[in-house]
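I have placed the structure first, in the form of structure tokens, so that the comments after it can refer back to it.
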Amino acid sequence: MNPVIPGPVPVPLPAPSGLLEFLLVFTFILHLLAMDFLLGGVIILTVSSFLGRRDSRQHEFTRRVSRVMPPVTAFTITLGVAPLLFLQLVYGQLFYTSSALMAWYWLAVVFLVMLGYYGVYGYQMQHDEPGPKASWVILVTAVLFIHVAFIFTQNMTAMLHPQDFYSLYANGRVGTILGPVTLPNFARLAHFLVAAVALAGLGVALLSRRWQTDSPELADWGRRYGVTWFMAGTLVQFLVGLWFLFSLPVEVRQALVGDKLAVGILLLAIVLALLALLSAPKSLSISSVAMLGTVSAMAVLRHFVRTTSLRPYFDPHLLPVQGQWVVFSIFVLLLLAGLATVGWMLYVFYRPAATRGASF
Amino acid sequence: MVIGIIAILHVFVSHFAVGGGLFLPLTERKAYRENNPALLEYVKSHSKFFVLVVLVFGAVSGVGIWWSIGLVNPEATATLIHVFVWGWAIEWVFFIVEIAAAFIYYYGWDRLDPKTHLMVGWIYFGAAWASLLVINGILTFMLTPGRWIERQTFASAYFNPGMLPSLVLRTAVCIALAGVYALITSSRVSDEGLRHEVVRYAAQWLLAGTLIIPLAGLWYISTLPRMAREISMGAAPAVTIFAGLSIFFSALVVAFTYFGPHLRPRHFNLVFALLLAVLALSTTGVTEWVREAVRKPYIIYDYMYANGLRLADIGRVREQGVLKSALWVRRHEVHPHALERAGEEVFRVQCASCHTVNGYNSIRFAVKGWSWVMIDYQLGHLSALKGFMPPFLGTDAERQALGAWLASLNPLPAGIAIEPEPPAANSQSTDGAGEGAPQQ
Chain S
1 MNPVIPGPVP VPLPAPSGLL EFLLVFTFIL HLLAMDFLLG GVIILTVSSF LGRRDSRQHE
61 FTRRVSRVMP PVTAFTITLG VAPLLFLQLV YGQLFYTSSA LMAWYWLAVV FLVMLGYYGV
121 YGYQMQHDEP GPKASWVILV TAVLFIHVAF IFTQNMTAML HPQDFYSLYA NGRVGTILGP
181 VTLPNFARLA HFLVAAVALA GLGVALLSRR WQTDSPELAD WGRRYGVTWF MAGTLVQFLV
241 GLWFLFSLPV EVRQALVGDK LAVGILLLAI VLALLALLSA PKSLSISSVA MLGTVSAMAV
301 LRHFVRTTSL RPYFDPHLLP VQGQWVVFSI FVLLLLAGLA TVGWMLYVFY RPAATRGASF
Chain D
1 MVIGIIAILH VFVSHFAVGG GLFLPLTERK AYRENNPALL EYVKSHSKFF VLVVLVFGAV
61 SGVGIWWSIG LVNPEATATL IHVFVWGWAI EWVFFIVEIA AAFIYYYGWD RLDPKTHLMV
121 GWIYFGAAWA SLLVINGILT FMLTPGRWIE RQTFASAYFN PGMLPSLVLR TAVCIALAGV
181 YALITSSRVS DEGLRHEVVR YAAQWLLAGT LIIPLAGLWY ISTLPRMARE ISMGAAPAVT
241 IFAGLSIFFS ALVVAFTYFG PHLRPRHFNL VFALLLAVLA LSTTGVTEWV REAVRKPYII
301 YDYMYANGLR LADIGRVREQ GVLKSALWVR RHEVHPHALE RAGEEVFRVQ CASCHTVNGY
361 NSIRFAVKGW SWVMIDYQLG HLSALKGFMP PFLGTDAERQ ALGAWLASLN PLPAGIAIEP
421 EPPAANSQST DGAGEGAPQQ
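Line by line, the protein sequences are chains S and D.
Quick note, the first sequence lines up with residues 1 to 360 if you use our numbering.
Quick note, the second sequence lines up with residues 1 to 440 if you use our numbering.
Structural data, given as structure tokens:
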């Protein structure tokens, strides 16, 4: 039986699909960086929070890190809007279908995120009057966000399997179907969780550098602590990544291994990850830049897996295009102006003359 | 239902996000000019409340609307995204600036000098209002798509007839809601003298906003399609009642504010403030509900019906039937021996985006006591008899199958035998193909 896939809407794309896919991957990388810091951050904070009940250094560490979490949450959500927008534009008919099949779980994301967001704020405010409650607040928050990650990985995998849509639909209760028959895809979830913890480790190590002025000892400890998380996570990732690679459908894996460019990108990602791993104890800057490269390469590879999985059913390049170039130019100009404005605000906020007390 | 609840709460919070963005820097400037440190302290505490409400609830509920419309009406959502993706991308840029500015404003009270801090406040407001500017055009497009129907360009879609009046209307709502929220926080100020001053000041915001609302509202209504105006003014009783309630609640808000905090700030307290907030939320709720309701039977006026069928497809669907091209059905044709099963499929494809069988807008209840003949007649003249519903689209066999299934939902009590033989096979649907079609 032919796979059942709704047709795309008969309105032309407002730009060539290649440009839209580029923006999809690019904005996804931005989202990924914030999301990794958030998800991995709440996991690290949970561990540190429980340790911090008897360890004052851990406690001070969680207090300082907890203050950056609300803005990180806000940016994770906002930066996530753009890739979801472009995803719906190019792959809407697949994404809407897989979302509808798991509708109740998918809708739950909104409430889980809102609760988690208030959890992040609640945790930060608990630190004003320290008590054992804080550790439980952050634990619940971490569980909430891991659930969100799970629902996302399920949906993003499910939309790649349109051949399963109809049988899922016919055999399940619409709205409660969590994904293709062969899943849940725990390999993908594990891959993302481990990556998040590793990147957040790197993130808190970078953050600790800012404490050098008022608490050099804590800054030093925080840097080593973060680097430990990063290195442990990255080492585990070599195994989890392999597990994920072998959990891909055979034809997709074969296509990936058979494609020179894809193999090159994968190797680049691995080499950069190794470089990041080795340089982390000595130079956080080199390590961070290398990791940025790994994340970007992985996001490109992810897109390769998506297009390869969908090739038998759907090719976005065949969609009609009617460019809206004027509005697109306005978007680009405003994006540049917007980034400049944010840059200026960050500059005035962080400029040394204005720093008072503990920096955050 | 879910969309409705999320949407109303989002509207209530997001308009505050804009209005509050104006309230904060203006009040901060007032505090500097009058050299009033107590007022400045109030602005500081208000900004914390603002950040907690707006950044968390406003942002997440906004994403939530997207989540739910994509689930309930993917065809319309996909169409909107195809037309407006760069609009949304631009709005996204404003969101980033808005969020960064809100955090820096909030965390920057002690770090930035007054001038820079105020500047950040203005940047926040500029970005917040600009995001309203973008989304407002997309919202009004759905009800008044204007020339887009022929031209299909971004400009013709965005600069639609309802865009400008709606922008003025929503800006006024933002100012009024800034007053509502400020009344909540000002009622908690402990210093009595300052409390009276701030309560009165907040009440003036609310009154100023509500003065503009009726004028902008009338202007907006004048741009609506004729049928939409008729629905709100009598053609559909429920909608008319809600439209009336909207005016009634607004009048209550104005009266309570004028005679309460404005004239007697001394007697104002948190309970009163929350009562006003509930009234304002009710106003928002019924008004947004009416705005959604008058768009029926369309989801994008003159282009797509509420059930996702495009007007352009009417001819094809009438000829081939709705099951033939539907994907999520178990049978693509009507068999005389399984009429009711096919009817259920037709229901799911064509009716289920607005009706459930037993729950919200229950169809079992709607057809209670109707015979098959009666149901078939109604289906055949749907858009004429019920102006807010799309015409039934499909072959005669499909219409009869749907009728058979609907009739089977409410078995008549034994002894009442009005159920005759099925409607004559040659009965013709009189809903003309052009009915409800755009007047071009």
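Heads up, the beta-carbon is just placed ideally off N, CA and C, and yes, glycines get one too.
Separation of residue j from residue i, as counted between CA atoms
i              : j              : result
F259 (chain D) : L84 (chain S)  : 48 Å
V181 (chain S) : G87 (chain D)  : Only weak support is given to the placement of V181 (chain S): the predicted model assigns it a pLDDT of 46, under 50, and the value that follows is read from those uncertain coordinates. Using only the alpha carbons, I get a separation of about 38 Å.
V317 (chain D) : F392 (chain D) : 10 Å
M298 (chain S) : D315 (chain S) : 22 Å
L279 (chain D) : R111 (chain D) : 38 Å
L24 (chain D)  : A178 (chain D) : 9 Å
L101 (chain S) : T77 (chain D)  : 17 Å
L143 (chain D) : L256 (chain S) : 47 Å
Y458 (chain D) : T140 (chain D) : Any property of residue 458 (chain D) remains undetermined from this structure, which presents chain D solely from 1 to 440.
A38 (chain D)  : K115 (chain D) : 18 Å
D431 (chain D) : I314 (chain D) : For D431 (chain D), the predicted structure reports a pLDDT of 49, less than 50, and the residue's modelled location is therefore unreliable. A value from the coordinates is still provided. If I take the Cα positions, the gap works out to 11 Å.
F12 (chain D)  : Y106 (chain D) : 21 Å
I96 (chain D)  : Q254 (chain S) : 40 Å
I8 (chain D)   : A208 (chain D) : 22 Å
W372 (chain D) : G64 (chain D)  : 41 Å
L183 (chain D) : L267 (chain S) : 60 Å
E98 (chain D)  : D220 (chain S) : 34 Å
L218 (chain D) : P225 (chain D) : 14 Å
L248 (chain S) : L199 (chain S) : 24 Å
L139 (chain S) : T213 (chain S) : 31 Å
Residue nearest to residue i in terms of C-alpha spacing, selected from the options
i              : options                           : result
M163 (chain D) : D:I241, D:F347 and D:A216         : D:A216
H355 (chain D) : D:Q320, D:G234, D:L406 and D:R316 : D:L406
V54 (chain D)  : D:R316, D:G70, D:V198 and D:Y181  : D:Y181
I231 (chain D) : D:E75, D:K386 and D:C351          : D:K386
I43 (chain S)  : S:L79, S:A187, S:L94 and S:A195   : S:A195
R264 (chain D) : D:V198, D:R226, D:A326 and D:L245 : D:V198
V43 (chain D)  : D:L22, D:A243 and D:S61           : D:L22
W104 (chain S) : D:F94, D:L71, D:E98 and D:Y303    : D:L71
Y377 (chain D) : D:D396, D:R364, D:G137 and D:Y303 : D:D396
Y347 (chain S) : D:P225, D:G108, D:N35 and D:E98   : D:G108
M114 (chain S) : S:P16, S:R224 and S:I77           : S:I77
W92 (chain D)  : S:G201, S:A337 and S:H127         : S:A337
F192 (chain S) : S:A134, S:F244 and S:S135         : S:F244
Q324 (chain S) : D:V83, D:S45, D:I247 and D:P165   : D:V83
I363 (chain D) : D:E344, D:D113 and D:R147         : D:E344
W211 (chain S) : S:R63, S:A187 and S:L274          : S:R63
S215 (chain S) : S:E60, S:G293, S:L284 and S:L335  : S:E60
I375 (chain D) : D:N358, D:R399, D:G394 and D:P390 : D:R399
S279 (chain S) : S:N155, S:L202 and S:L335         : S:L202
L20 (chain S)  : S:W229, S:L87 and S:I265          : S:L87
Rounded distance between the beta-carbons of residue j and residue i, thought under 8 Å
i              : j              : result
T283 (chain D) : A203 (chain D) : Not confirmed; about 16 Å, so no contact.
Y123 (chain S) : S66 (chain S)  : 5 Å
P297 (chain D) : S383 (chain D) : 7 Å
G308 (chain D) : E75 (chain D)  : 4 Å
T141 (chain S) : P6 (chain S)   : So it is not a contact: roughly 37 Å between Cβ atoms.
D218 (chain S) : R57 (chain S)  : Residue identity differs from the one stated: residue 218 (chain S) is Leu in this sequence, not Asp. Going by Cβ atoms, the distance from L218 (chain S) to R57 (chain S) rounds to 7 Å, so yes, they are a contact pair.
F412 (chain S) : I247 (chain D) : Not covered by the structure: residue 412 (chain S). The range shown for chain S is 1 to 360.
Exercise. Please list the residues of the segment 12-23 of chain S that have a C-beta atom closer than 9 Å to any C-beta atom in chain D, keeping them in chain order.
Key: Under the 9 Å Cβ criterion, the segment 12-23 of chain S contributes P12, L13, P14, A15, L20 and L23.
Quiz item: Going along the segment 258-290 of chain D in order, which residues come within less than 8 Å of chain S, judged by CB to CB distance?
Solution: Listed by position, the residues of the segment 258-290 of chain D near chain S (Cβ gap below 8 Å) amount to none.
Quiz item: Taking three-plus beta-carbon pairs below 8 Å as touching, is the segment 60-74 of chain S in contact with the segment 235-243 of chain S?
Solution: Contact between the segment 60-74 of chain S and the segment 235-243 of chain S is absent: fewer than 3 CB-CB pairs across the two stretches fall below 8 Å.
Self-check item: Interface positions of the segment 87-111 of chain S facing chain D (Cβ-Cβ less than 9 Å), listed along the chain
Solution: Along the segment 87-111 of chain S, the positions whose C-beta sits under 9 Å from a C-beta of chain D are Q88, L89, G92, Q93, F95, Y96, T97, S99, A100, A103, W106, L107, V109, V110 and F111, read in chain order.
Quiz item: Which residues, in order along the segment 74-88 of chain D, keep a beta-carbon less than 8 Å from a beta-carbon of chain S?
Solution: For the segment 74-88 of chain D, which is checked against every Cβ of chain S, the residues closer than 8 Å are P74, E75, T77, A78, T79, I81, H82, V83, V85, W86, G87 and W88.
Quiz item: Going along the chain, which residues of the segment 112-130 of chain D sit with their C-beta nearer than 7 Å to a C-beta in chain S?
Solution: Of all residues in the segment 112-130 of chain D, the ones placed with a Cβ closer than 7 Å to any Cβ belonging to chain S are L112, T116, V120 and I123, in chain order.
Quiz item: What residues in the segment 266-288 of chain S bring their beta carbon closer than 8 Å to a beta carbon of chain D?
Solution: Listed by position, the residues of the segment 266-288 of chain S near chain D (Cβ gap below 8 Å) amount to none.
Quiz item: Using a Cβ cut-off of 8 Å, which residues of the segment 136-165 of chain S contact any Cβ in chain D, in chain order?
Solution: Taken residue by residue, none of the segment 136-165 of chain S has a beta-carbon sitting less than 8 Å from a beta-carbon on chain D.
Quiz item: Does the segment 86-96 of chain S touch the segment 106-126 of chain S, meaning 3 or more C-beta pairs lie closer than 8 Å?
Solution: No, the segment 106-126 of chain S does not touch the segment 86-96 of chain S.
Quiz item: According to a CB-to-CB cut-off of less than 9 Å, which residues of the segment 305-324 of chain S neighbour chain D?
Solution: From the segment 305-324 of chain S, only Q322 and Q324 have a Cβ closer than 9 Å to chain D.
Quiz prompt | Where the segment 324-339 of chain S meets chain D: residues whose CB sits under 7 Å from a CB there | solution = Going along the segment 324-339 of chain S in chain order, one finds Q324, V327, F328, I330, F331, L334, L335 and G338 with a Cβ nearer than 7 Å to chain D.
Quiz item: Which residues, taken in chain order from the segment 187-219 of chain S, show a beta carbon closer than 9 Å to some beta carbon of chain D?
Solution: The segment 187-219 of chain S vs chain D, Cβ under 9 Å: nothing.
Quiz item: Of the residues that make up the segment 52-77 of chain D, which ones have a beta carbon closer than 8 Å to any beta carbon in chain S?
Solution: Cβ contacts with chain S come from L52, L55, V56, F57, A59, V60, S61, V63, G64, W66, W67, S68, G70, L71, P74, E75 and T77.
Exercise. Please list the residues of the segment 210-229 of chain D that have a C-beta atom closer than 8 Å to any C-beta atom in chain S, keeping them in chain order.
Key: Against chain S - using a Cβ distance shorter than 8 Å - the segment 210-229 of chain D contributes no residues.
Practice problem: Give, in chain order, every residue of the segment 68-85 of chain S whose Cβ lies closer than 9 Å to some Cβ of chain D. | Solution: Residues P70, P71, T73, A74, F75, I77, T78, L79, G80, V81, A82, L84 and L85.
Exercise. Could you name the residues of the segment 135-150 of chain D whose beta carbon sits closer than 7 Å to any beta carbon of chain S, in the order they occur along the chain?
Key: For chain S, none of the residues of the segment 135-150 of chain D brings a beta carbon within less than 7 Å of one of its beta carbons.
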